[in-house]
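Plus 181 on top of the position in the sequence shown (first one is 1) and you've got my numbering. Beta carbons are placed, not taken as given, at the ideal position from N, Cα and C, and that holds for glycine. Quick caveat, the model's predicted, so the values are computed rather than measured.
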Amino acid sequence: MMKHKGYTGHVVYDDEAKIFHGEVLGIRDVITFQGKTADELEQAFKDSVQDYLAFCAKRKEEPEKLFCG
Numbered sequence: 182m183m184k185h186k187g188y189t190g191h192v193v194y195d196d197e198a199k200i201f202h203g204e205v206l207g208i209r210d211v212i213t214f215q216g217k218t219a220d221e222l223e224q225a226f227k228d229s230v231q232d233y234l235a236f237c238a239k240r241k242e243e244p245e246k247l248f249c250g
């Protein structure tokens, strides 16, 4: 699990493609990221969350928060 700005990412490794794929959990919007190394993956996760927050701000929408319940 990865965490950034209150968002949690779940990661799986694709052995055939030799790449990590991840998705942010607990929200309806789809935020994905990928990387070939742990450092690449971590940066892609942070970039994807930042892009999502910027997209929401541009559209004047409240970003979804982690669903708890």
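{"Check": "Beta-ladder partner(s) of residue 200, from DSSP", "Outcome": "195"}
{"Check": "Start-to-end residues for the alpha helix (DSSP H) that takes in residue 246", "Outcome": "Premise fails: residue 246 is in no alpha helix (DSSP H) and is neither H nor E."}
{"Check": "N-terminal and C-terminal residue of the alpha helix (DSSP H) that residue 239 is part of", "Outcome": "219–239"}
{"Check": "Candidates 233, 245, 214, of which the one nearest residue 182 by Cα", "Outcome": "214"}
{"Check": "Opening and closing residue of the beta strand (DSSP E) in which residue 184 lies", "Outcome": "183–185"}
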